[in-house]
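Encoded as structure tokens, the structure appears first; notes follow it.
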């Protein structure tokens with residue numbers, strides 16, 4: 585093509601057709617510019633298509649991660665509610681026992697099922713990939729903001745309260761180690777299971793024990809409330825993803 589343009593220009597110059605040559609040269613420049621612009625437009629279109637495909641792929645992976653996280657979250661909410669209610673029963677029981685009616689076996693059965701915590705392990709692979717590429721790859725503002733709300737705001741807050749629950753439980757264990765008696769039981773899920781029970785019903789130690797469990801219950805309730813809020817946000821995000829991008 586360039587050789588053809590060059591030969592035409594030479595012919596016009598040799599025939600001393602300057603005006604025609606100038607017009608032709610301008611036309612040739614115009615065609616070259618148009619060609620470059622078209623090539624750039626095609627390149628931009630290809631790049632945008634690649635980015636869009638990448639966005640859809642990552643959001644599909646994110647949806648999978650969210651579903652896996654939500655399945656675990658449902659179990660954690662159920663277990664958290666169960667432990668909370670059992671601990672409430674333990675507190676009620678502690679109000680009824682005295683030195684004369686104290687039964688170590690009854691206490692042990694109530695205590696063992698009332699202690700325990702929940703920890704969420706969210707799947708974050710797709711979100712980390714999104715961050716590495718730039719969250720701006722997600723074009724929909726509502727979806728992008730909701731993703732950030734879940735991963736950068738709600739999950740760190742949940743981690744904070746989970747750590748609070750763990751700290752409360754450790755405080756209770758330390759308190760029990762000072763006032764309670766070690767007991768060995770082979771009837772649990774594993775052999776030689778050790779746990780702590782009161783030597784006897786001492787009002788002071790029982791009151792301290794109840795107070796610590798009460799504080800633990802407050803942290804548990806906060807954590808489980810955050811779990812439920814997160815579950816609702818995940819459901820909303822999955823709904824938006826289905827409407828805007830993907831239906832699987």
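Residue numbers (the numbering used here): 585 to 832. Where a beta carbon is used, it is the ideal one built from N, C-alpha and C, also for glycine.
With the rule of 3 Cβ pairs closer than 8 Å, the segment 747–763 counts as touching the segment 797–816. Note on residue 811: 16 or more other CB atoms within 10 angstroms of its CB, so buried under the neighbour-count rule. Per DSSP, the unbroken alpha helix (DSSP H) holding residue 787 starts and ends at 787–828. Take residue 792, set aside five residues on each side of it, and the residues of its chain with a beta-carbon closer than 7 Å to its own are 759, in chain order. Scanning its chain for C-beta atoms nearer than 8 Å, with the 5 sequence neighbours on each side dropped, one finds around residue 738 the residues 810, 813, 814, 817, in chain order. Just so you know, the alpha carbons of residue 726 and residue 733 end up roughly 10 Å apart. Judged by DSSP in its simplified three-state form, residue 709 adopts helix. With contacts defined by Cβ atoms closer than 9 Å, residue 691 and residue 705 do not form a contacting pair. Spanning the alpha carbons of residue 701 and residue 717 requires a straight line of approximately 36 Å. Inclusion of residue 670 and residue 798 in the CB contact set at 9 Å is not warranted, their separation being larger than that value. In the displayed model, residue 750 falls within a helix according to three-state DSSP. Taking C-beta atoms under 8 Å as the contact rule, residue 742 and residue 728 fail to qualify, at a distance of about 21 Å. Rounded to the nearest whole angstrom, the CA to CA distance from residue 731 to residue 683 is 55 Å. In this structure, residue 828 lies away from residue 713, with their beta-carbon atoms at least 9 Å apart. Residue state for residue 719 is assigned as helix, using DSSP reduced to three classes. Excluding residues up to 5 positions away in sequence, nothing lies with its Cβ nearer than 7 Å to the Cβ of residue 744 in the same chain.
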